[in-house]
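For the sequence shown, the working numbering begins at 673 and goes up steadily by one.
Inspection log for the structure reproduced underneath, given as structure tokens.
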Amino acid sequence: MEKRAARRITGTGGALLVRALEQLGADRIFCVPGESYLPVLDALHDAEIPVTVCRQEGGAAMMAEAFGKMTGRPGICMVTRGPGATNAAAGVHVAQQDSTPMILFVGQIETGMRGRDAFQEVDYRQFFGGMAKWVAEIEGPARIPEMLSRAYHVATSGRPGPVVLALPEDMLAESAEVSALPAFTPLETHPSLAQMADLQKRLWAAKRPLAILGGSRWSEGARAAFTRFAERFQLPVACSFRRQMLFDNLHGNYAGDVGIGINPKLAERVREADLLLLVGGRLSEMPSQSYGLLDIPQPSQTLVHVHAGAEELGRVYLPDLAIHATPNGFCAALEALQPPNAIAWDGAAGTAHADYLAWSGARPQVPGALQMAQVMDWLEQHLPEDAILANGAGNYATWVHRFHRFRRLNTQLAPTSGSMGYGLPAAVAGKLKYPERMVVCFAGDGCLQMTMQEFGTAAQEGAAIITIVVDNGMYGTIRMHQERDFPGRVSATTLVNPDFAAFARAYGAHAETVETAAEFAPAFERAAASGKPALLHLKLDPEAITPVRSLSQIRAG
673 MEKRAARRIT
683 GTGGALLVRA
693 LEQLGADRIF
703 CVPGESYLPV
713 LDALHDAEIP
723 VTVCRQEGGA
733 AMMAEAFGKM
743 TGRPGICMVT
753 RGPGATNAAA
763 GVHVAQQDST
773 PMILFVGQIE
783 TGMRGRDAFQ
793 EVDYRQFFGG
803 MAKWVAEIEG
813 PARIPEMLSR
823 AYHVATSGRP
833 GPVVLALPED
843 MLAESAEVSA
853 LPAFTPLETH
863 PSLAQMADLQ
873 KRLWAAKRPL
883 AILGGSRWSE
893 GARAAFTRFA
903 ERFQLPVACS
913 FRRQMLFDNL
923 HGNYAGDVGI
933 GINPKLAERV
943 READLLLLVG
953 GRLSEMPSQS
963 YGLLDIPQPS
973 QTLVHVHAGA
983 EELGRVYLPD
993 LAIHATPNGF
1003 CAALEALQPP
1013 NAIAWDGAAG
1023 TAHADYLAWS
1033 GARPQVPGAL
1043 QMAQVMDWLE
1053 QHLPEDAILA
1063 NGAGNYATWV
1073 HRFHRFRRLN
1083 TQLAPTSGSM
1093 GYGLPAAVAG
1103 KLKYPERMVV
1113 CFAGDGCLQM
1123 TMQEFGTAAQ
1133 EGAAIITIVV
1143 DNGMYGTIRM
1153 HQERDFPGRV
1163 SATTLVNPDF
1173 AAFARAYGAH
1183 AETVETAAEF
1193 APAFERAAAS
1203 GKPALLHLKL
1213 DPEAITPVRS
1223 LSQIRAG
């Protein structure tokens, strides 16, 4: 066999790093600039990779995480040393909890200054060690291709997650000759024939099976293959917390989402199942209802757990059948399974779907002039099926997760980590990736103000997102718990907020204040027609703390 000739490239560390990212297929970089990695910024001047300049490193990291969530390839973020890296930790944590591929490049002090507590010196292995899949420092420019190739594979393989690479300032200025990298292709793992035969036998013996889809690494092909499997087996299918987009919510087999505020009928269906097929997810604290739906370590239900990370199989729950495979690999193998001649659970999918429609179709009335149920009704009737909805954390998100029906893949950007401030930067990333699609950010007043400065990034990029701010003048989720546990003793949960519409207009955006549901529809239509970043400031009565209970009712117990 003829030996392959490697193409050689010469340049500074900064230039070699950017060239390697181009070769690996990076299609956008999110950053906050810093003098610690100036040679990289200089190399980006002539590169083909677009660069989005953000306002704060936490927002930049969340944008990169959202990009990774949509593409299945590492989202790229670059920040400066010390404070830049510590700010970016918020996005790294989202990537870790949400199983999202991401690479954070951090400027670093010169190698000869290590250990002296130099200006902005941080030991990144120590700081990010418990949060990232791999943390390393590139010690010389000759190792850049090796380190970046490894970073891409670590970030995407098994259970995906964040990688952090520190870039010493002197290394970026040094020159080296290196080999060019091939384009990156993620690795897929597949189930064995014996495992799939075992699964078929277990399905044939089941009386009350239920599938729960979750995690990352899903593709359109995997989603379509699982849908065909569910149809052939007449299987009820639920989705895990903030993963509703993995199955068409209006499909006749959809049973709802196993998340916060779960439909009691779906929770009972999980408890009573005799076979749970968990694909891609981990069923961690939020979807498991604080680890109450399944016994630990041995569930009472027969558990078939399919996961791309071998380390996740048996980590919390002992599966009766553990399948180490990606969603792509597993769902492709489902095509060969045959349903039993007589399906013992005939009609269960239809009943589960009817329960979901009743639960998500409820339209509760809340105190005050602005009825969020009417807002959601209008959005459900007018949003395109491919609209992307982004949100952070807070009670306001219940209106999206319970009442919006996700139809397609890549229409949901929401942090399973429960990170406030995520919605706005994620929406910006979504619009930059899919500029032709409508992107709507839902944010609470407290949530928005965590990353509100990234509205400037949207304006600079011309990312015409529509931000809906649900303002009740408090950290609502915390107040809800506070009133439940310490009734009437309000402490550190009240917010004095700005005029959010005026803030958005200062960036040249379209902005309006909305105080009734009747005002919402024309305001949204004007926002969409503006062709600019837009913000709608919704004034919600503080009593409307949840869709089903008022603040006074919670306080009264």
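Ideal Cβ positions, reconstructed from N, Cα and C, are used throughout, including at glycine.
DSSP, reduced to helix, strand and coil, places LYS1211 within a strand of the structure shown. With the rule of 3 Cβ pairs closer than 8 Å, the region 1010-1027 counts as touching the region 867-887.
Distance check between SER1091 and each of GLN1053, ALA761 and GLN798 places ALA761 closest, using alpha-carbon atoms only. In this structure, DSSP gives GLU841 a helical state, which the three-state scheme calls helix. Excluding its 5 nearest sequence neighbours in each direction, ALA982 has C-beta neighbours in its own chain below 8 Å: GLY830 and HIS996, listed in chain order.
When DSSP reads this structure, ASN935 sits in no beta bridge, so it has no partner. For GLY747, the secondary structure class from DSSP, reduced to helix, strand or coil, is strand. DSSP places ALA1178 in the uninterrupted alpha helix (DSSP H) bounded by 1172-1178.
From the listed residues GLU940, ASP946, VAL978 and ALA994, the smallest Cα separation to SER960 is found for GLU940. Taking the CA atoms as reference points, GLY928 sits about 36 Å from ALA1131. The region 852-870 makes no contact with the region 933-953; the number of CB pairs closer than 8 Å stays below 3. Inter-segment contact for the region 815-833 and the region 740-751 is present: three or more beta-carbon pairs are separated by less than 8 Å. In the structure shown, TRP806 falls within a strand segment according to DSSP collapsed to helix, strand and coil.
ASN1144 places its beta carbon 9 Å or farther from that of ASP1049. By the Cβ criterion, the region 782-796 is not in contact with the region 813-827, since fewer than three pairs of Cβ atoms, one from each stretch, lie closer than 8 Å. In the structure shown, GLN780 adopts extended strand secondary structure according to DSSP, grouped into three states. Contact between LEU844 and VAL712 holds, with the beta-carbon distance rounding to 6 Å and staying under 8 Å. The DSSP-derived three-state label of THR998 is coil. Taking 9 Å as the cut-off, the Cβ atoms of HIS1182 and LEU1207 count as close.
Linking PHE1114 to VAL835 through their CA atoms gives a straight-line distance of about 29 Å. In terms of CA proximity to VAL1100, GLN1125 leads the group PHE1078, GLN1125 and GLY1116. Between the region 1029-1037 and the region 893-913 there are fewer than three C-beta pairs closer than 8 Å, too few to call the two in contact. Apart from sequence neighbours up to five positions away, the residues of its chain that approach GLU737 with a beta-carbon distance below 6 Å are GLY747, GLY763, VAL766, ALA767, THR772 and MET774, ordered along the chain. If you ignore the 5 residues before and after PHE905, its C-beta comes within less than 6 Å of the C-beta of PRO1011, all in its own chain and listed in chain order. Three or more Cβ pairs closer than 8 Å define a contact, and the region 1131-1142 falls short of that threshold against the region 1074-1090.
The count of Cβ pairs closer than 8 Å, one atom from the region 706-726 and one from the region 684-695, reaches three, so the stretches are in contact. The beta carbons of ILE1140 and PRO1205 sit about 13 Å from each other, so the pair does not count as a contact at 8 Å.
PRO840 and LEU918 have their C-alpha atoms spaced approximately 41 Å apart. By the Cβ criterion, the region 1059-1070 is in contact with the region 1105-1120, since at least three pairs of Cβ atoms, one from each stretch, lie closer than 8 Å. In the structure shown, ARG1077 adopts coil according to DSSP, grouped into three states.
Apart from sequence neighbours up to five positions away, the residues of its chain that approach PRO1097 with a beta-carbon distance below 6 Å are GLY731, MET734, MET735, THR1123 and GLU1126, ordered along the chain.
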